[in-house]
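Participant:
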Amino acid sequence: MPSENLRWETLQRRCYMKDMMDRETKESMGRQEKLKEEQRHRMKILNLRLREAEQQRLREAELEKQRQTEGRERLRTLNTIQEEILQLNQLLEPSSRTRTELPAASISSYSTRGNQLCSQVSEVVRKTAEGEFPSVEDMMAAERALHEMRALIRLMQEEAAKAQEKKKKEEEQEEERRKQAELQAQQEAQKKATLYSHRFLLFFFLCTQTKKLKLELQKAATIPVSQIASNSGSQLREIFDKIDKLLSGRPVVSGGKSVSTSMHPQGLDFVGYKLAEKFVKQGEEEVASHHEAAFPIAVVASGVWELHPQVGDLILAHLHKKCPYAVPHYPPMKEGTPVEEYQRILGYRVDDSGVEGQDSFLKRMSGMIRLYAAIIQLRWPYGSKQAVAPHGLNHGWRWLAQMLNMEPLADITATLLFDFLEVCGNALMKQYQIQFWKLILLLKDEYFPRIEAVTSSGQMGSVIRLKQFLETSLQSRQISPPKGQLSSTFWRS
Numbered sequence: 001m002p003s004e005n006l007r008w009e010t011l012q013r014r015c016y017m018k019d020m021m022d023r024e025t026k027e028s029m030g031r032q033e034k035l036k037e038e039q040r041h042r043m044k045i046l047n048l049r050l051r052e053a054e055q056q057r058l059r060e061a062e063l064e065k066q067r068q069t070e071g072r073e074r075l076r077t078l079n080t081i082q083e084e085i086l087q088l089n090q091l092l093e094p095s096s097r098t099r100t101e102l103p104a105a106s107i108s109s110y111s112t113r114g115n116q117l118c119s120q121v122s123e124v125v126r127k128t129a130e131g132e133f134p135s136v137e138d139m140m141a142a143e144r145a146l147h148e149m150r151a152l153i154r155l156m157q158e159e160a161a162k163a164q165e166k167k168k169k170e171e172e173q174e175e176e177r178r179k180q181a182e183l184q185a186q187q188e189a190q191k192k193a194t195l196y197s198h199r200f201l202l203f204f205f206l207c208t209q210t211k212k213l214k215l216e217l218q219k220a221a222t223i224p225v226s227q228i229a230s231n232s233g234s235q236l237r238e239i240f241d242k243i244d245k246l247l248s249g250r251p252v253v254s255g256g257k258s259v260s261t262s263m264h265p266q267g268l269d270f271v272g273y274k275l276a277e278k279f280v281k282q283g284e285e286e287v288a289s290h291h292e293a294a295f296p297i298a299v300v301a302s303g304v305w306e307l308h309p310q311v312g313d314l315i316l317a318h319l320h321k322k323c324p325y326a327v328p329h330y331p332p333m334k335e336g337t338p339v340e341e342y343q344r345i346l347g348y349r350v351d352d353s354g355v356e357g358q359d360s361f362l363k364r365m366s367g368m369i370r371l372y373a374a375i376i377q378l379r380w381p382y383g384s385k386q387a388v389a390p391h392g393l394n395h396g397w398r399w400l401a402q403m404l405n406m407e408p409l410a411d412i413t414a415t416l417l418f419d420f421l422e423v424c425g426n427a428l429m430k431q432y433q434i435q436f437w438k439l440i441l442l443l444k445d446e447y448f449p450r451i452e453a454v455t456s457s458g459q460m461g462s463v464i465r466l467k468q469f470l471e472t473s474l475q476s477r478q479i480s481p482p483k484g485q486l487s488s489t490f491w492r493s
């Protein structure tokens, strides 16, 4: 019995121990499972944090990349702004054009403000040279400076345009006043010539004796002019001395008779009138046929003009009446003016047989313009060295500039420009140099196309001659001396 009890107790203890071990094992496994769960939870949190950290790193990398991209873009924009603002600032610098169009105070204020704006942008650019990208605030400051610079340029251009427009208007008004003054002077000279003519009719038709004197004085005045030629300098001087003697009131021998302007109160006026008329007629006829004849006739006319200015005034009056293009002036047709009378005003010869042909008309106009172009560049070589040319090259420059301000006419404009430049171009080139070539370039590029536009196919001869002359001259930057020009050797002959 005791042994059974012992076995039973032993069995119970074993069962208890087993239960205890099972419970401990179960509890241990529970603790391990809990630890594993905690470990998994910690790993999950760690992985989550690692992912968040990686995402944060990627976001920061993307933001840095974006910041770098935006920074480089701002830097490129800043460089573009600086380049533009520097270019615009150059427009604000005083130049020959702005100096003539704007007051000095305006130019200075524009230039000063432009330099200040450039400095503002340069300060921003200087920061970038130290390794920094320009900030948004920097860019806003640079863009404000650029906008202000653009506004400054517009303001200056508007002010310059207004000043230029004002100047142009004043120049046009001045040009119109000058044209009116010249036209009035031309009309006064023609009235004076007409008055002389009427007075001569009154005085010289009173009796047979004055008619005879009139004829003798006319011969004494016109025959020497008819004898002008380029044979020798001594012969030309003899002719000049004879004309000067007659105009000075001293007696001269003409047709075997001694005659003097002092023989009649109107004698000097009559001789001056007829002498001027003859000079112009020589241009109209002799020079028209023989272009080289312009120079000996012109040098005598210039010498007479210098010593006897009233004769020069009459030469201009006759020239402007017969060739209004020498003014230059294209007379408009006034209402009520008969066609034939208007053609006379234009310089055409009109008689009972009708109006002269275009070729004849152009030939005469050409001769007179060539004579005029020769007169303005010549002086009598034995005149006073201190005296100023009575009608010098400045009148030639004025004539050429005025021609380019007038609407071209078919045939006549191209003809006269070519004739004038062929005779006087070399002298004008030497006198005005760069300014002359600017005017010739203007003629070729801007005015010549307008001549072509009004010229028909049957009138292209003069246009082609002018075009070839301009192209050759501009290409070589040289205009040859005109044929027939009197050399120093001539005056020793």
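Residue numbers (the UniProt record's numbering): 1 to 493.
The C-beta atom is built at its ideal place from N, Cα and C for all residues, glycine as well.
Predicted model, so just to flag it, every value in this text is computed and none were measured.
(1) Within a Cβ cutoff of 7 Å, which residues of the same chain sit near Leu319, ignoring the five residues on either side of it in sequence?
(2) Give the DSSP-derived three-state secondary structure of Val388 in the structure shown.
(3) DSSP on Asp351, reduced to helix/strand/coil?
(4) Using a threshold of 7 Å, state whether the C-beta atoms of Pro408 and Ile464 are closer than that.
(5) I need the DSSP call for Lys281, collapsed to helix, strand or coil.
(6) For Ser258, which option in Val287, Gln173, Glu341, Leu215 has the closest C-alpha, if you only look at C-alpha atoms?
(7) Hey, would you say residue 495 sits closer than 7 Å to Leu117, going by beta carbons?
(8) Is Ile243 buried or exposed, if buried means 16 or more other CB atoms sit within 10 Å of its CB?
(9) Which two residues bound the contiguous beta strand (DSSP E) that contains Val253?
(10) Just list the alpha helix (DSSP H) runs in the segment 224 to 266, keeping only unbroken ones of 4 residues or longer that don't cross its boundaries, in chain order.
(11) Using the rule of at least 16 other Cβ atoms within 10 Å of the residue's Cβ for burial, across every protein chain shown, is Tyr16 buried or exposed?
(12) By how many angstroms is the C-alpha of Ile434 removed from the C-alpha of Leu314?
(13) Along the chain, where does the alpha helix (DSSP H) that runs through Gly336 open and close?
(14) Can you say whether Ser96 is buried or exposed, counting buried as having 16 or more other CB atoms within 10 angstroms of its CB?
(15) Touching or not, the segment 342 to 349 and the segment 270 to 290, by the rule of three or more beta carbon pairs under 8 Å?
(16) Gln82 and Val136 - do their beta-carbons sit closer together than 7 Å?
(17) Start and end of the alpha helix (DSSP H) containing Val423?
(18) Return yes when the Cβ of Phe418 is within less than 7 Å of the Cβ of Asp361, no when it is not.
(19) On the premise that Leu378 lies in contact with residue 498, defined as a C-beta separation below 8 Å, what is that separation, rounded to the nearest angstrom?
(20) Ends of the alpha helix (DSSP H) at Lys359?
(21) If you reduce the DSSP assignment to three classes, tell me which class Arg492 lands in.
(22) For Ala142, count neighbouring Cβ atoms within 10 angstroms of its own Cβ and tell me buried if that reaches 16, exposed if not.
(23) Kindly indicate which three-state DSSP category Glu73 falls into: helix, strand or coil?
(24) Do Ile153 and Leu88 have their beta-carbon atoms positioned less than 7 Å apart in this structure?
Facilitator: Result, derived from the coordinates:
(1) Val280, Ala326, Met368, Tyr372
(2) The answer is coil: DSSP assigns Val388 none of H, G, I, E or B.
(3) strand
(4) no
(5) Of the three classes helix, strand and coil, the one that applies to Lys281 here is helix, per DSSP.
(6) For the residues Val287, Gln173, Glu341, Leu215, the minimum Cα distance to Ser258 belongs to Leu215.
(7) Residue 495 cannot be examined here, being either before or after the span of the chain that is shown, 1 to 493.
(8) buried
(9) 252 to 254
(10) 233 to 247
(11) exposed
(12) 34 Å
(13) Where Gly336 is concerned, there is no enclosing alpha helix (DSSP H), given that its DSSP letter is neither H nor E.
(14) For Ser96, the predicted structure reports a pLDDT of 44, less than 50, and the residue's modelled location is therefore unreliable. A value from the coordinates is still provided. Exposed.
(15) no
(16) no
(17) Note, Val423: alpha helix (DSSP H), 412 to 432.
(18) Note that residue 361 is Phe in the sequence shown here, rather than Asp. With respect to the 7 Å criterion, Phe361 and Phe418 are not classified as neighbours on the basis of their beta carbons.
(19) Because the chain is modelled from 1 through 493, residue 498 falls outside the range shown and cannot be assessed.
(20) First, the amino acid is wrong: residue 359 is Asp here, not Lys. Looking at the DSSP string, the run of the alpha helix (DSSP H) that includes Asp359 is 358 to 375.
(21) In the structure shown, Arg492 falls within a coil segment according to DSSP collapsed to helix, strand and coil.
(22) Here Ala142 is buried, its C-beta having at least 16 other C-beta atoms within 10 Å.
(23) helix
(24) yes
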